[in-house]
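Trainee: Chains as they are written, first to last, in our numbering: chain A, 1 to 260; chain B, 261 to 520.
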DNA sequence: GCTTATTTGTTATTATTTTAACATCCATGC
DNA sequence: GCATGGATGTTAAAATAATAACAAATAAGC
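1) Whose CA, out of B/298, B/342, B/287 and B/314, lies closest to the CA of residue 499 of chain B?
2) Note down, in chain order, each residue of its chain lying with its Cβ closer than 7 angstroms to the Cβ of residue 309 of chain B, except the 5 sequence neighbours on either side.
3) Which residues, in chain order, does the stretch 28–41 of chain A contribute to contact with chain B at a C-beta distance below 7 angstroms?
4) Please confirm if residue 278 of chain B has its CB atom under 8 angstroms from at least one CB of chain A.
5) Mind listing which residues of the stretch 418–439 of chain B have their C-beta closer than 9 angstroms to chain A's C-betas, in chain order?
6) According to DSSP, is residue 197 of chain A part of a helix, a strand, or is it coil?
7) Can you list, in chain order, the residues of the stretch 94–113 of chain A whose Cβ is nearer than 7 angstroms to any Cβ on chain B?
8) Kindly list, in the order they appear in chain B, the residues whose Cβ is closer than 7 angstroms to that of residue 231 of chain A.
9) Between which residues of its own chain and residue 241 of chain A is the CB-CB distance below 6 angstroms, once the five residues before and five after are set aside?
10) Going by beta carbon distance, what residues of the same chain come within less than 6 angstroms of residue 235 of chain A, once the five residues before and after it are set aside?
11) Since residue 112 of chain A and residue 173 of chain A are thought to touch, with beta carbons under 8 angstroms apart, how far apart are those beta carbons, to the nearest angstrom?
12) Between residue 461 of chain B and the rest of its own chain, which residues show a CB-CB distance below 7 angstroms, the 5 nearest in sequence each way excluded?
13) Check this for me: beta carbons of residue 148 of chain A and residue 171 of chain A, under 8 angstroms apart or not?
14) Can you confirm whether residue 407 of chain B, when its beta carbon is compared against all beta carbons of chain A, has any partner nearer than 8 angstroms?
15) Going by CA-CA distance only, name the one from B/266, B/306 and B/305 that's closest to residue 288 of chain B.
16) Take residue 214 of chain A and list the residues in its own chain whose beta-carbon comes closer than 6 angstroms to its own, dropping the five residues that flank it on each side.
17) Please report how far the alpha carbon of residue 193 of chain A lies from the alpha carbon of residue 481 of chain B, in whole angstroms.
18) Could you work out which residue in B/417, B/413 and B/395 is closest to residue 150 of chain A when comparing CA atoms only?
19) Give the single residue among B/466, B/405 and B/390 whose Cα lies nearest to the Cα of residue 493 of chain B.
20) May I ask which residues mark the beginning and end of the beta strand (DSSP E) holding residue 411 of chain B?
21) Along chain B, which residues have their Cβ under 8 angstroms away from the Cβ of residue 198 of chain A?
22) Label residue 259 of chain A either buried or exposed according to how many other C-beta atoms from any shown protein chain fall within 10 Å of its C-beta, with 16 as the threshold for buried.
23) Using DSSP with H/G/I as helix, E/B as strand and the rest coil, what is residue 274 of chain A?
24) Kindly list the residues whose CB is nearer than 7 angstroms to the CB of residue 99 of chain A, restricted to its own chain and excluding five residues on each side of it in sequence; keep chain order.
25) Where does residue 6 of chain A fall in DSSP's three states?
26) Within the continuous alpha helix (DSSP H) that includes residue 344 of chain B, where are the two ends?
27) At a cut-off of 7 angstroms, is residue 189 of chain A close to the ligand FMN when judged by its beta-carbon and the heavy atoms of the ligand?
28) Helix, strand or coil for residue 253 of chain A, going by three-state DSSP, please let me know.
29) If the cut is a Cβ gap below 7 angstroms, which residues of chain B does residue 143 of chain A touch?
30) In whole angstroms, what is the alpha-carbon distance linking residue 94 of chain A and residue 157 of chain A?
31) So, at 6 angstroms on beta carbons, what are the nonlocal neighbours of residue 477 of chain B in its own chain, with the 5 sequence-adjacent residues on each side left out?
32) To the nearest angstrom, how far is it from the Cα of residue 522 of chain B to the Cα of residue 184 of chain A?
33) Is residue 223 of chain A closer than 8 angstroms to residue 246 of chain A when the C-beta atoms are compared?
34) Spell out the partners DSSP gives residue 418 of chain B in its beta bridges.
35) Looking at residue 388 of chain B and residue 368 of chain B, is the spacing between their C-beta atoms short of 8 angstroms?
36) Going by the CB atoms, is the gap between residue 85 of chain A and residue 116 of chain A shorter than 8 angstroms?
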């Protein structure tokens, strides 16, 4: 077994058991305790693990994998991470005191939820587990949730009652994400149930704010739910092309560009 | 500082730092290392933490924890823990393949949710965050959720849409908890919104199963939602008095007693 | 094939933690 | 006020882990 394999196995064991000891790892890997120790210091240098006298755990920073990530769409290797995070942070800064928000599902809106301000009061209606996990823990945020049947690939809940709740609600701002947008074919998503929900959100919201990273421009998916011109604002990242920027501004949409 | 406060602070510190040591905790809590040690063994007995030589971490099982306990009603010092856990486990064993469940809010039902079987398919409708966190992670469980406005003391969601959803649903079994029950004054809870929800659940469920630890017998709270005789089964712990047992059996209620 | 460098193992020493026994403090009831 | 039981603190001995120095094994270069 190579050294690299050993390091990987150590991390795997820690993932599973949360913690371990040098003798335990030495037994498991069938090497001496000194070898384990030396492996561990190299993992410590990389900030992958933390050593307490007598035991090893995953580094608190990288450990976000245990539960949080269960309720998250943001995987380690997911695409356009930096862009999405920047977009989320910029969008969060648009929240004003006493706003009534609707926050759509998706990984970009999850970043928004993570960055939500904690110094002013507002309400937030959502329907996906990843957004919910963030809003419930904020004291200054009144959390509303539209339930339904759970879909475990999108972490979203959906059903007639959820639509009713959204239709009855009035949002001052809705943060909506999409899988594709095109000047010609409009703004599109992947599933019929997402479409239904987004349609209801568009109807109930005063200002409609689209959150998309620049890779979505020109992309068309199967489910249409709005025209680009239906949105009041758009938040994206700085890789946006000049043509696209001209088109968006030409439609009178307020454009926010997050520098990455 | 009381012992209970100390236990809670230890758990809080572990939540935040993932791990700690006896000297560290002793310094933080300003008590001797022996006191910390004795606190820790009691937490180990409750399976709340795990001790490795030289360090302490949250127990892997309850570590679903880092985030989870944020969504939990089960605090370190909460009362009748063992009884509730035993009741939850026994109630979970009543779940049969293809059951359509409604799971009420509360700490007893949280224990039920934690023990839910993973070897058979069923649906579970809930409306509280602690139950939700458990059902969403089970592949074999179809999760339904009745949304609404979030109440952060009970971790429960409530509103007209939630009631609609419950009323439209048909459960083969409902697991309901209560804050008090009395042969004379019926089964009671604390808040009007809990009452509304529980009433709806009673209406929509074929078999109504009450989960209460024995300390609730003879207790009357402000909000009535059912008579004892409205329930088909009752799960409680072995400290139940003989008189109460006779009354319950006399009503034709199937009684399950969890040995602690 | 030999030498050299790198990795791994062994051992003894040092430091830390655990355990246990006993002392002290504090609250409670008589 | 005094006695009693529970919780907390102190101390020393035993167990376990960390460190360091060196030996052995393996891999790499010539």
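Each residue gets a CB set at the ideal place from its N, CA and C atoms; glycine is no exception. A quick note: this is a predicted structure, and the numbers were derived from the prediction, not measured.
Mentor: This is what the structure holds:
1) B/342
2) 274, 300, 303, 316, 317, 318 and 319
3) none
4) yes
5) 419, 420, 421, 422, 424, 425 and 428
6) helix
7) none
8) Those within 7 angstroms of residue 231 of chain A in chain B number zero; the least Cβ separation is about 25 angstroms.
9) none
10) 87, 90, 91, 211 and 256
11) No, residue 112 of chain A and residue 173 of chain A are not in contact; Cβ-Cβ is about 11 angstroms, not under 8 angstroms.
12) 362, 364, 426, 434 and 436
13) no
14) yes
15) B/266
16) 236, 237, 239 and 240
17) 42 angstroms
18) B/395
19) B/466
20) 408–411
21) Within 8 angstroms Cβ-Cβ: nothing; residue 198 of chain A doesn't reach chain B, min ~17 angstroms.
22) exposed
23) Chain A is shown from 1 up to 260; residue 274 of chain A falls before or after that span and cannot be answered.
24) 122, 172 and 173
25) helix
26) 341–352
27) Although the ligand FMN was asked about, the structure shown includes no ligands whatsoever.
28) coil
29) 410
30) 26 angstroms
31) 504
32) No information on residue 522 of chain B is available, as it lies outside the stretch 261 to 520 that chain B covers here.
33) no
34) B/409
35) no
36) no
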